[in-house]
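Structure, as structure tokens:
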Amino acid sequence: MKRGYVLHHRQFRESSVIVNLLIEGEGRVDAITRVGSGKRSIKSILQPFQPLIIQFSTKSESKNLGLKNITQIESAAPAMPLSGNSLYSGFYLNELLVRLLSVEHQAEGIFLDYHRALLALAKQFCSSHLRYFEMALLLELGALPSLAYDTQGDLLDNNCHYRFIAQSGFIPILTSQESHFTHGKGSLSGAMLLALASQELQPEQFNQAKGLMRYLLTPLLGNKPLLSRQLFTKKTD
9 MKRGYVLHHR QFRESSVIVN LLIEGEGRVD AITRVGSGKR SIKSILQPFQ
59 PLIIQFSTKS ESKNLGLKNI TQIESAAPAM PLSGNSLYSG FYLNELLVRL
109 LSVEHQAEGI FLDYHRALLA LAKQFCSSHL RYFEMALLLE LGALPSLAYD
159 TQGDLLDNNC HYRFIAQSGF IPILTSQESH FTHGKGSLSG AMLLALASQE
209 LQPEQFNQAK GLMRYLLTPL LGNKPLLSRQ LFTKKTD
């Protein structure tokens, strides 16, 4: 049996659901399961942010749908106690995973990053937890630029400022005047980039880090907006 989380599920026929799962060591897995009824129903645990242990059969119920078949599923621990902005953040992480992962590109290593993000959000909301998860996801997808070296092969410098160039990385710029990162045309402080890489962002660096992550995610997400972002107030998304 494997550890996993439900990312999303939808009704399939009268007594079954199709479930998008994040599975430890496998990544994105789409499966089908019967929900049952009465005391034997699994509806109460088939929810986001509920740690699960799951067993799959070797045969898919529907080869045409390309789904695995869940033969056993049970809770592994109490559901993560998310509320308020932490709950909205959890929905955001789930939507990112459903949108960006496929069964062809599963991102096997992202499970622990997701689990750690939920644990951190359950303790206290901080937007830095979202940035660290976005960074881990971009790395899994091969879309994260180097946060150690600039385009010239030199180590990033705390005291320098950089501009991000798509397909290349961070290029040093000849100014110490800090500006907000806007559509890839602003400057990024080396201190923020290094703090992001080491997961030590300071509050004054949050907005700049958010701008960078959004810029990097936009080509992958396309034009369709993320529904979960609408849950946030402007100061906390």
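The numbers in the numbering used here rise by one with no breaks, and the one at position 27 of the sequence shown is 35. Cβ atoms here follow ideal geometry from the backbone N, Cα and C, with glycine treated the same way.
Rounded to whole angstroms, how far is the Cβ of residue i from the Cβ of residue j, which I believe are closer than 8 Å?
i, j, result
"K76", "A39", "4 Å"
"R237", "Y100", "7 Å"
"S23", "V37", "That belief does not hold up - the Cβ atoms of S23 and V37 are roughly 21 Å apart, past 8 Å."
"I31", "I62", "7 Å"
"F6", "I53", "Outside the displayed range of the chain (9 to 245) lies residue 6, so it cannot be described from this structure."
To the nearest angstrom, how far is the alpha carbon of residue i from that of residue j?
i, j, result
"H188", "G194", "Because the pLDDT of H188 is 46, which lies under 50, any placement of that residue in the model is unreliable, and the number read from its coordinates should be weighed accordingly. Cα to Cα, the separation comes out at about 6 Å."
"L163", "I26", "47 Å"
"E212", "Q19", "44 Å"
"A130", "G98", "10 Å"
"M200", "E82", "42 Å"
"R21", "A156", "50 Å"
"S49", "L204", "43 Å"
"L109", "A115", "7 Å"
"G117", "R11", "13 Å"
"F178", "T41", "46 Å"
"K218", "V111", "28 Å"
"M9", "S45", "23 Å"
"A87", "A174", "40 Å"
"A128", "C168", "31 Å"
"I181", "L234", "33 Å"
Between which two residues does the alpha helix (DSSP H) containing residue i stretch?
i, result
"D121", "118-131"
"P227", "214-229"
"A199", "198-205"
"N102", "92-108"
"S136", "135-148"
Can residue i and residue j be called in contact, C-beta distance under 9 Å?
i, j, result
"L1", "F172", "The displayed coordinates of the chain run from 9 to 245. Any statement about residue 1 would go beyond what the structure contains."
"P59", "N102", "no"
"F214", "R139", "yes"
"S91", "Q132", "no"
"L209", "S136", "yes"
"E148", "L104", "no"
Let me see if you follow: with CB-CB separation under 9 Å, is residue i close to chain D or not?
i, result
"L163", "Within the model displayed, chain D is absent; a lone protein chain is all it includes."
Over what stretch of residues does the beta strand (DSSP E) that includes residue i continue unbroken?
i, result
"L15", "10-20"
"R171", "169-173"
"P180", "177-180"
"N64", "Per the sequence shown, the amino acid found at residue 64 is Phe instead of Asn. First-last of the beta strand (DSSP E) with F64: 60-64."
"V43", "Note, V43: premise wrong, no beta strand (DSSP E); not H, not E."
Would you be able to state if there are at least three C-beta pairs under 8 Å between the segment 139-159 and the segment 219-228?
yes
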